[in-house]
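Peer 1: Have a look at this one.
Protein chains: 2
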Amino acid sequence: MEVVQSVNHDQKVAGQLIGRMWRWLKALPEKLMGKVVEFSWKIIKLGQDDPRRVIHSLKVGLALSLVSVLYYYQPLYDNFGVSAMWAVMTVVVVFEFSVGATLGKGLNRGSATLFAGALGIGAHHLADLSGHIGEPILLGFFVFLQAAASTFIRFFPKVKARYDYGLLIFILTFALISVSGFRDDEILEFAHKRLSSVIIGCSASVIISILICPVWAGEDLHNLIAANLGKLGNFLEGFGNEYFTSENGDKEDAKSFMQEYISVLNSKNNEETLANFAKWEPGHGRFQFRHPWNHYLQLGTLTRQCAYRIDALNGYLNTTQIQTSPEIRNKIEEMCTKMSMESGKALKELAMAMKKMTHPSSADSHIENSKCATKNLNSLFKSGIWDDTDLLAVVPLATVASLLIEVVNCTEKISESVYELASMVNFRTPETTVSLEKSELGPSDDIVDCPGHVVITVNDDKSLTPANNIPENGLINTSGTVAPGRHNLGV
Amino acid sequence: MEVVQSVNHDQKVAGQLIGRMWRWLKALPEKLMGKVVEFSWKIIKLGQDDPRRVIHSLKVGLALSLVSVLYYYQPLYDNFGVSAMWAVMTVVVVFEFSVGATLGKGLNRGSATLFAGALGIGAHHLADLSGHIGEPILLGFFVFLQAAASTFIRFFPKVKARYDYGLLIFILTFALISVSGFRDDEILEFAHKRLSSVIIGCSASVIISILICPVWAGEDLHNLIAANLGKLGNFLEGFGNEYFTSENGDKEDAKSFMQEYISVLNSKNNEETLANFAKWEPGHGRFQFRHPWNHYLQLGTLTRQCAYRIDALNGYLNTTQIQTSPEIRNKIEEMCTKMSMESGKALKELAMAMKKMTHPSSADSHIENSKCATKNLNSLFKSGIWDDTDLLAVVPLATVASLLIEVVNCTEKISESVYELASMVNFRTPETTVSLEKSELGPSDDIVDCPGHVVITVNDDKSLTPANNIPENGLINTSGTVAPGRHNLGV
């Protein structure tokens, strides 16, 4: 009886197992389809995010197919033989996303192959003199010495940034040529074929990279810096309203465009890579050959400094509401919102000016306004309305105000840096009508009344002019004097 | 007469030129020597900064010399022939500084060669069917399609992080095998030789990389995170004194150890790279195979958040002296210095605990102290002593205090994260005597008196115990209850 029961039980278990497997198999196509659909969506999204990726992929395929003609076409194959393989390899390894990266790798590979080939032949001849027993020992020693020395040199930061790949190929080619020479006496031909096929591969990559929808690292760097300024501007434009007016619940999911600034915090590496690539690139479009790419790195550093302050500000978006009298709150609110809004606008104007490569004079009025708001805020702090206030309630407000003051300072530094860049590479003057109109009309609504802020214009009669009378070119800088070098930039 | 004058003049000029050249030539050896000496110093410094660089260079040389034995030793050469070249290439390309990077590249290269070889042979056979005219067209199409698809897949961020090199080799090998097949009918042998020589190269690299003074990326990551915590700790320990006591002049060249934190701001990329390498590494020393490397990235993010606040604080080191009454100044100074000092000590204790992989309980008292100082500061702000104060003078102080409060919060989060890590990978318990002594002795001098801070211990009788009576394990957390999971960690 027990045996029958156990058999029944086993049958039951087996039945359940089969049933489960059947259901799993039935669901499999659906699951697989789901995965396939999901993957397809990811691919489509990747392509949509940056359509240049699709074009780049096609370009690599094209270059590779072109180079393999060295194999297919008999007259060419007669010339190169198996060495055609080096051309195929070169294309695969050298073809990078941007022109600068491709050119840099190509030049590195080409020159390294040339020098290492020459050195390898020399080493081979030297080793040849030492007889058949000494030759492998001497060759091995040369390879060891050269590999160790080159590997060590690769650790120099400057070398690593620009010539790392060249040194790799140097080690590779030297080892190949000198070691092959031990077996193959036609070492000169081997070296020659390797060099010419590498050059063919590099040229094919570089030419296709430049001719078909080129991706310029320099342009990417320029746009990245401009976009980063814009992201900080977006945050600052939104911050005042978000901090003072929203309810606590709303704040926690602060608008997504205000979280864009986070990517700026870690952009250093990206910027440095792009600048390194950009230095290899020839002049293109609006960029000359010796465009001051290093200045972009400085600008990037200033932008990040501003972003660190903004990250600190962002921490205050989620703090509890301020418990202070509405009168004081309203006053501070007005100034802080103004400071934040105006420096945000200034950054966005700077971003726009960078993007269009026009003179950044349109940002000046916003910077001036933000500085006026700072001064007003300072006077408010000095005034006596605080005597009966709970200081604890003011601390977060004071911190936000203080951070905003730093942001205003950063914005000014960024503006100066953009001005420097503009004078270095001769940004176009924007449609002059706007800035002329402003200065002709006198103080416009845009410019905050800034009491006590005296601006000394560099007129011949050395008269003092209050800030309300904007000097002719509409530009005032921090120190109260008209900025040197900016005289006739806005007009 | 004029002719004679002009000849005289010419002679004079020539004489001057020769004289200048002579001086230049005479100075040349000295200049060259200067350059050589300078370069030698740079090399020595590079080696001294990290002696592992020298060892790595020698390792690469050794691996390369070893692999070239495939050429020199007749029986081996009979087997491999010219394919031995692939082994040499593999060593040059695969041998990286850390074991993880070498292993990752080696595995990528090996598996990509295997799969692409198989696929290439398949493509060759398929193309073979289409006759001698159709073959190159079909082959070219295959190469184009595969190269384009693989290049596109390389753009996926996750793929780029771990399998970028594998896909590169996949494109390369597929193109080589399928295209070579057009000329060489012994394609199977070609593929087989390529695969085996690649495997030999990879194995040689990996074995030498692991056996001779291995550099573990995981250990580097672990030490980097610990060092970063230590750097922030150094700044905070020094900040209070530097900000409040130094004269204005001294502040500008704040001590160099306080500027170390700057490298923390941009450490993200480095951390991510190391974590990616570390994931390839087998268990070693104190690290298991599936060590939670991703948790280090979280810890790194928290550290950077703290560093951003510190950067904001650093901006205040160079501001003008605080113009407020000495009484108030002294009080705030005491609290702020305490907050800064204690969170600095806490971070340094955490760094030390990380480094030694012992339980981070020694940081708890410092965190508790910094939180007490925060509370005291808050009460000070609430008190009435501010009524006759110029608010403008208090704003920078309030900001510094406010930023310090954020730093204290960050420190706490970092501590929690280190605790999590400690429980994940079972950090050793430190010499228990110290923490036991503390709890047995009751409140020690180390722990600040924190009025109004009530700590609820999870005793059976649910009695309320004031903070001064440190609970048995000596650990208190923010919410006032004993931290879950920390019960018996300190003892």
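Residue numbers (this note's numbering), protein chains in the order written: chain A, 22 to 512; chain B, 22 to 512. We treat Cβ as the ideally placed atom computed from N, Cα and C, and that holds for glycine.
Would the segment 302-314 of chain B and the segment 428-446 of chain B be scored as touching if the rule is three or more Cβ pairs under 8 Å?
Peer 2: Verdict: yes, contact present.
Peer 1: Comparing C-alpha positions only, which one of A:P303, A:S89, A:G121 and A:P96 sits nearest to I158 (chain B)?
Peer 2: Out of A:P303, A:S89, A:G121 and A:P96, A:S89 has the C-alpha closest to the C-alpha of I158 (chain B).
Peer 1: Report yes or no: is there a C-beta of chain B within less than 8 Å of the C-beta of S277 (chain A)?
Peer 2: Not one chain B Cβ lies under 8 Å of S277 (chain A).
Peer 1: Between the segment 181-192 of chain B and chain A, which residues of the former have CB atoms less than 7 Å from a CB of the latter, in chain order?
Peer 2: The segment 181-192 of chain B vs chain A, Cβ under 7 Å: L189 and I192.
Peer 1: On the three-state DSSP scale, how would you describe I39 (chain A)?
Peer 2: I39 (chain A): helix per DSSP, three-state reduction.
Peer 1: Taking buried to mean at least 16 other C-beta atoms within 10 Å of its own C-beta, is E210 (chain A) buried or exposed?
Peer 2: By the neighbour-count rule (16 or more Cβ atoms within 10 Å), E210 (chain A) is not buried but exposed.
Peer 1: Applying a beta-carbon distance threshold of less than 8 Å, which residues of chain B neighbour S104 (chain A)?
Peer 2: Residues of chain B passing the Cβ test: none, with the nearest at roughly 11 Å.
Peer 1: Which residue from B:L193, B:V164, B:K47 and B:S226 puts its Cα closest to that of L79 (chain A)?
Peer 2: Considering only alpha carbons, the answer is B:V164.
Peer 1: Just how far apart, CA to CA, sit L398 (chain A) and M356 (chain A)?
Peer 2: Spanning the two alpha carbons is a distance of roughly 6 Å.
Peer 1: Going along the segment 346-371 of chain B in order, which residues come within less than 7 Å of chain A, judged by CB to CB distance?
Peer 2: So nothing in the stretch comes that close.
Peer 1: What would DSSP say about Q32 (chain B), mapped onto helix, strand or coil?
Peer 2: Looking at Q32 (chain B) - three-state DSSP - the assignment turns out to be helix.
Peer 1: With a Cβ-Cβ cutoff of 8 Å, do A367 (chain A) and H387 (chain A) count as a contact?
Peer 2: In contact: A367 (chain A) and H387 (chain A) (Cβ atoms closer than 8 Å).
Peer 1: Short check: CB of S383 (chain B) to CB of E363 (chain B), under 8 Å?
Peer 2: The answer is no: Cβ separation not under 8 Å.
Peer 1: Would you mind working out which of A:C431, A:M378, A:A299 and A:E354 sits nearest P417 (chain A), comparing C-alpha positions?
Peer 2: Nearest C-alpha to P417 (chain A): A:E354.
Peer 1: Short of 8 Å Cβ to Cβ, which residues in the segment 422-447 of chain A face chain B?
Peer 2: So the list reads A422, S423, L424 and E427, given in the order they occur along the chain.
Peer 1: Beta-carbon within less than 6 Å of L85 (chain B)'s beta-carbon, same chain only, minus the 5 sequence neighbours each way: which residues are those?
Peer 2: Once the five neighbours on either side are set aside, the close Cβ partners of L85 (chain B) are V112.
Peer 1: Nearest to E302 (chain A) by alpha carbon, out of A:K126, A:L216 and A:F203?
Peer 2: With distances taken between Cα atoms, E302 (chain A) lies closest to A:K126.
Peer 1: Beta-carbon of H474 (chain B) versus every beta-carbon of chain A: anything under 8 Å?
Peer 2: Bear in mind that the predicted position of H474 (chain B) carries a pLDDT of just 43, short of 50, making it unreliable; the figure below should be weighed with that in mind. Not closer than 8 Å to any Cβ of chain A, the Cβ of H474 (chain B) fails to qualify, so no.
Peer 1: Give the list of continuous alpha helix (DSSP H) stretches no shorter than 4 residues that lie fully inside the segment 54-104 of chain B.
Peer 2: Listed in chain order, the complete alpha helix (DSSP H) runs (minimum 4 residues) inside the segment 54-104 of chain B are 73-88, 90-93 and 95-101.
Peer 1: Given a limit of 8 Å on CB to CB distance, which residues of the segment 323-339 of chain B reach chain A?
Peer 2: If the cut-off is 8 Å between Cβ atoms, the segment 323-339 of chain B has R325, Q326, Y329, R330, D332, A333 and G336 near chain A.
Peer 1: Check the C-beta distance from F173 (chain A) over to V75 (chain B) and give it rounded, since I have them as a contact under 8 Å.
Peer 2: With a Cβ gap of about 7 Å, F173 (chain A) and V75 (chain B) count as contacting.
Peer 1: Round the Cβ separation of L250 (chain A) and A372 (chain A) to the nearest angstrom and send it over; I've been treating them as touching at under 8 Å.
Peer 2: So it is a contact: roughly 4 Å between Cβ atoms.
Peer 1: Taking CB distances under 8 Å as the criterion, tell me whether T172 (chain A) reaches chain B.
Peer 2: So, interface residue.
Peer 1: For R44 (chain B), does the three-state DSSP call read helix, strand or coil?
Peer 2: Residue state, collapsed to three classes: helix.
Peer 1: Could you pull the start and end residues of the alpha helix (DSSP H) that E281 (chain A) belongs to?
Peer 2: Careful: E281 (chain A) lies outside any alpha helix (DSSP H) and carries neither H nor E.
Peer 1: Name, in chain order, the residues that DSSP records as bridge partners for F308 (chain B).
Peer 2: Per DSSP, B:H305.
Peer 1: Between the alpha carbons of G473 (chain B) and K396 (chain B), how many angstroms are there, rounded?
Peer 2: Caution applies to G473 (chain B), whose pLDDT of 46 falls short of 50 and renders its modelled position unreliable; the model cannot decide the point.
Peer 1: Using Cβ-Cβ distances below 8 Å, what residues of the segment 122-146 of chain A are close to chain B?
Peer 2: Answer set for the segment 122-146 of chain A: empty.
Peer 1: Just confirm the distance between the C-beta atoms of I426 (chain A) and L323 (chain A), as a whole number of angstroms; I'd bet it's less than 8 Å.
Peer 2: Incorrect: roughly 16 Å between the Cβ atoms, too far for contact.
Peer 1: Put T324 (chain B) into one of helix, strand or coil per three-state DSSP.
Peer 2: In this structure, T324 (chain B) counts as helix in the three-state DSSP scheme.
Peer 1: Of all the options A:D71, A:G155, A:F118 and A:H213, which has the alpha carbon lying nearest to the alpha carbon of G141 (chain A)?
Peer 2: Selected option, being the one with the closest Cα: A:H213.
Peer 1: So who's on the other strand from R449 (chain A), going by DSSP bridges?
Peer 2: According to DSSP, which records beta bridges pairwise, R449 (chain A) is partnered with A:T379.
Peer 1: For chain A, is any of its Cβ atoms less than 8 Å away from the one on N290 (chain B)?
Peer 2: True, the Cβ-Cβ gap to chain A drops below 8 Å.
Peer 1: Taking buried to mean at least 16 other C-beta atoms within 10 Å of its own C-beta, is D94 (chain B) buried or exposed?
Peer 2: Per the sequence shown, the amino acid found at residue 94 (chain B) is Tyr instead of Asp. So Y94 (chain B) ends up on the exposed side.
Peer 1: Counting Cβ pairs closer than 8 Å, one from the segment 143-155 of chain B and one from the segment 192-205 of chain B, do we hit at least three?
Peer 2: A contact exists between the segment 143-155 of chain B and the segment 192-205 of chain B.
Peer 1: Counting only C-beta atoms, is Y98 (chain B) closer than 8 Å to chain A at any point?
Peer 2: At least one chain A Cβ lies under 8 Å of Y98 (chain B).
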